[in-house]
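One gets this note's numbering by counting positions in the sequence shown from 1 and adding 13 to each.
A virtual CB, placed ideally from N, CA and C, is assigned to each residue, including glycine.
Note sheet for the following structure.
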Amino acid sequence: MTSNLRRGAADSREAVVKRKNPAGWPTNLVLWIASFATGRSVQIRLDGEIGPSTDIACGLPQGSPVSGILFMLYIAPLFRLGNPRNKFGYADDAANLAISTSLATNCEALSDSLQEALNWGAAEGITFAPDKYELLHFSRRKADQDPTCTPSVKAGSITVSENTKRLYLRWLGILYDKKLTFKWHVGETASKALTVANALRSLGNTARGVKPYLLQQAVLACVLHKAYYGAETWWPGRTRPGPTQTSNRVGEHLKKLTKVVLTGARAVLPVFRTTPISVLYRESGFSPPEIELDRIALLATVRLRRLDPYHPLRRRAEQVASNSRQTSRFARRILALPNSEQINPLQHAPWHPRETRENAQARIGAPMGRNGSRLVDGRAGGGYIGFQAHNQFLRSSLSYGHGKEVFDAEAEAALAGAQAAIAYPTAQFATNLWICLDNLEVATRLLSPSTGSSQEAFESFRTLAAGWPLRERLPHTKSGSVQIRWVPGHTKIPENEAADSAAKEGAASTPPSPCKSSYASLKRHAKTQSLSAAQTRWQTIAPQTYQDLEITTSPKRPGELQLNRLDLGHIIAARTGHGDFADYHERFNHDDAHLLCRCGARKAPLHFFFCYIAKRRAPRPPGPPSEVISFLLGTAKGAQKLATWLAETRFFEDICPRQPLLST
């Protein structure tokens with residue numbers, strides 16, 4: 014049952030202030046809240062005229078971030094009544110959940126919970142909105158599907174029954190139906206997204222209109238985000254993992270979303286109506302709904318590894334990881350990921366002063382805009398060497414396999430090297446410990462608070478750096494400090510080359526088991542899975558013409574979309590054969606079509622390359638026809654050159670137009 018809460022007419026500010034002392038709040042903070050919430054007035058300004066001042070007797074100032082915090086503190090006791098685990102809230106919306114084998118038992122529990130809330134509201138000056146009460150019974154039994162026959166929730170004079178006209182319940186934008194099939198939710202989001210997609214189709218045709226790459230951005234932001242809203246909540250995957258691969262019966266969902274995606278692709282691309290569906294996916298950069306839904310659900314699961322320790326989803330995920338039982342969809346997603354680190358985003362308060370990035374880069378002697386490198390085969394390794402008085406005294410290689418990114422490996426290697434140096438006997442003779450590395454990002458963040466990947470390594474390094482002045486040393490040796498310096502990579506610096514050699518040895522060796530993945534590596538794993546699925550599917554559905562042109566990839570942002578609509582339309586038509594060509598017109602019985610070029614040859618997808626009139630106007634790119642055509646039609650760079658050549662020759666305007674030019 015879901016009920017919306019409204020702020021009542023009673024002076025809730027006084028209750029907020031009074032509740033702080035029992036909760037252990039400092040007196041000065043309570044007095045500050047009292048000053049903030051009381052003695053306020055409002056004036057209305059309209060057309061330059063300011064109305065009289067009116068005192069505000071209740072409520073909190075709108076627009077202040079403090080108001081939301083105080084309101085949540087004010088209604089917090091509501092969610093501690095009865096069984097707090099079955100109560101959920103967001104802003105001023107509250108929901109109670111009851112679970113049992115009987116709907117009547119559920120209604121009794123919900124009635125008691127509602128009565129508790131009403132009693133609490135009466136005592137605290139909160140007025141509820143009975144017209145916004147909703148009740149929905151989740152059940153798979155056929156006898157429980159008729160809302161006219163299911164029991165109601167009663168508390169005093171209030172009776173809440175299931176809605177007989179609307180067979181779902183809306184909670185935070187998700188529509189929950191009685192069987193949790195989410196058919197209402199997918200139907201509504203797909204319908205709204207389709208309306209927007211059809212509107213965007215009016216912004217361009219095969220000859221003119223908004224540039225394709227701009228329309229792709231519009232479709233992604235305004236159509237697909239709307240269609241996939243809440244997918245991490247309702248998408249179960251096409252099949253349930255296991256030896257039997259049980260179907261989740263989501264065919265209707267995918268059918269509705271496929272229509273949305275293809276309509277959006279047609280809004281982006283200047284193509285004929287008969288263009289194959291596989292081409293629409295490839296040229297627009299959109300993934301089929303099943304692949305995109307899997308990606309959204311997987312990335313949502315990855316984000317659980319960066320939740321604060323008090324987040325209920327993190328606690329639930331930790332329970333799943335400890336018992337390793339796939340008892341729910343949530344549990345199956347958690348256990349499908351490799352073991353990885355858990356980031357605490359609250360470890361460092363954002364209001365604490367921090368060194369700016371510019372100052373950090375100036376401190377390490379780094380130029381602006383330099384980035385680290387990535388290993389080609391995906392395996393990461395680290396290595397370090399130590400020098401004192403120009404003599405090497407330390408060398409080690411570290412292997413991390415596929416569970417770390419280069420960023421993580423460099424951070425781990427910096428930590429390991431510093432630990433080895435501080436533990437070495439000659440550290441008692443040293444003043445400063447200089448850490449030199451060629452990864453700019455790691456060097457910049459090595460002494461800063463971290464809330465990102467390899468958080469534990471960065472925190473351990475900061476602790477070690479703070480302990481360096483306290484190490485055992487000779488009486489005449491100064492305490493010194495840990496200094497970070499960036500050095501340019503691949504510039505023949507002997508010490509850096511030696512460290513790179515050690516790192517390559519580590520990457521080539523077998524990593525220790527078990528090896529915990531980093532958060533950055535986990536994110537890459539999720540994105541790589543989606544790209545791999547899209548690539549595999551493209552290789553199975555690519556039309557023969559695309560295979561002949563060696564178009565083997567299906568990128569998320571095709572470079573061809575940078576072309577104008579007219580040029581892109583000609584290139585896609587040449588790739589697919591669906592365009593102003595003789596064979597195409599004859600295939601679909603277009604009796605009014607003009608089938609011949611001015612040179613007398615039949616119009617064909619590759620005729621632009623062999624037309625003698627076009628060759629006289631501008632030289633075509635040199636080389637064997639098979640190689641040149643594959644370059645011009647099969648690559649984004651070649652498409653740009655082809656568009657330039659077509660503009661120079663005016664091929665489709667003067668030489669081979671859609672309709673014959675009028676004689677002068």
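Between Lys536, Asn602, Ile497, Glu425, which lies nearest to leucine 312 when the distance is taken from Cα to Cα? Lys536
Count the other CB atoms, across all protein chains shown, that sit within 10 Å of the CB of arginine 338; report buried if there are 16 or more and exposed otherwise. exposed
With distances taken from CA atoms, which of Leu83, Gly52, Ser80, Ala156 is nearest aspartate 68? Gly52
Have a look at Gly465, Phe622, Thr271 and flag the residue whose alpha-carbon is nearest the alpha-carbon of valine 263. Thr271
Within this structure, are the beta carbons of serine 534 and glutamate 418 separated by less than 7 Å? yes
Give the secondary structure of glutamate 147 by DSSP, where H, G and I count as helix, E and B as strand, and everything else as coil. strand
Examine the Cβ distances between the region 341 to 348 and the region 367 to 379 and report whether three or more of them are shorter than 8 Å. no
Identify every run of the beta strand (DSSP E) within the region 522 to 581, keeping only runs that are complete inside it and at least 3 residues long; order them along the chain. none
Is DSSP giving phenylalanine 299 helix, strand or coil here? coil
Under DSSP, the alpha helix (DSSP H) around leucine 42 begins and ends at which residues? 40 to 50
Return the residue from the list Trp447, Phe442, Phe420 that minimises the CA-CA distance to glycine 430. Trp447
Would you mind reading off the limits of the alpha helix (DSSP H) that contains threonine 114? Careful: threonine 114 lies outside any alpha helix (DSSP H) and carries neither H nor E.
Is the distance from the Cβ of alanine 631 to the Cβ of arginine 615 below 7 Å? no
Quick one: grab the DSSP three-state call for asparagine 357. coil
3-residue-minimum beta strand (DSSP E) runs that sit fully inside the region 66 to 125, ordered along the chain: 100 to 103, 106 to 109
Is it buried or exposed for glutamate 666, if we count other Cβ within 10 angstroms and need 16 for buried? exposed
Going by C-alpha distance, which of Pro302, Arg629, Ala280 is nearest proline 249? Pro302
What does the Cβ neighbour count give for asparagine 384, buried or exposed, with the cut at 16 atoms within 10 Å? The predicted position of asparagine 384 is uncertain, since its pLDDT is 36 and thus under 50; no value can be drawn from it.
Simplified DSSP assignment, three categories, for tyrosine 597: helix
Am I right that arginine 392 and alanine 546 are in contact with their C-beta atoms under 8 Å? What's the rounded C-beta distance? Arginine 392 to alanine 546, Cβ: 22 Å. No contact.
Per DSSP, alanine 691 forms a beta bridge with which residues? Look at the range of the chain in this structure, 14 to 677, and you will see that residue 691 is not part of it.
CB isoleucine 187 to CB glycine 243, shorter than 7 Å? yes
Taking just the CA atoms, how far does lysine 540 sit from isoleucine 309? 10 Å
Is the beta carbon of isoleucine 282 less than 7 Å from the beta carbon of glutamate 296? Looking at the sequence shown, residue 282 is not isoleucine but leucine. Contact flag set, yes.
7 Å Cβ cutoff met for valine 236 and alanine 210: yes
Considering only residues of the same chain and omitting the five flanking positions on each side of threonine 662, which have a CB-CB separation below 6 Å? Ala627, Arg630, Ala631
On the three-state DSSP scale, how would you describe valine 232? helix
Contact set for glutamine 575: own chain, Cβ-Cβ below 7 Å, skip 5 residues either direction: Tyr226
Determine the burial state of asparagine 336: buried for a count of at least 16 other Cβ atoms within 10 Å of its Cβ, exposed for fewer. exposed
Between the C-alpha atoms of lysine 224 and isoleucine 585, what's the straight-line distance to the nearest angstrom? 15 Å
Would you kindly check if the distance between the Cβ of glutamate 573 and the Cβ of alanine 649 is under 7 Å? yes
3-residue-minimum beta strand (DSSP E) runs that sit fully inside the region 412 to 462, ordered along the chain: 446 to 450
Buried or exposed: leucine 646, going by 16 or more other Cβ atoms within 10 Å of its Cβ? buried
Using 8 Å for Cβ pairs, my map puts lysine 654 next to proline 634. What's the rounded Cβ distance? 7 Å
How is tryptophan 658 classed by DSSP in three states: helix, strand or coil? helix
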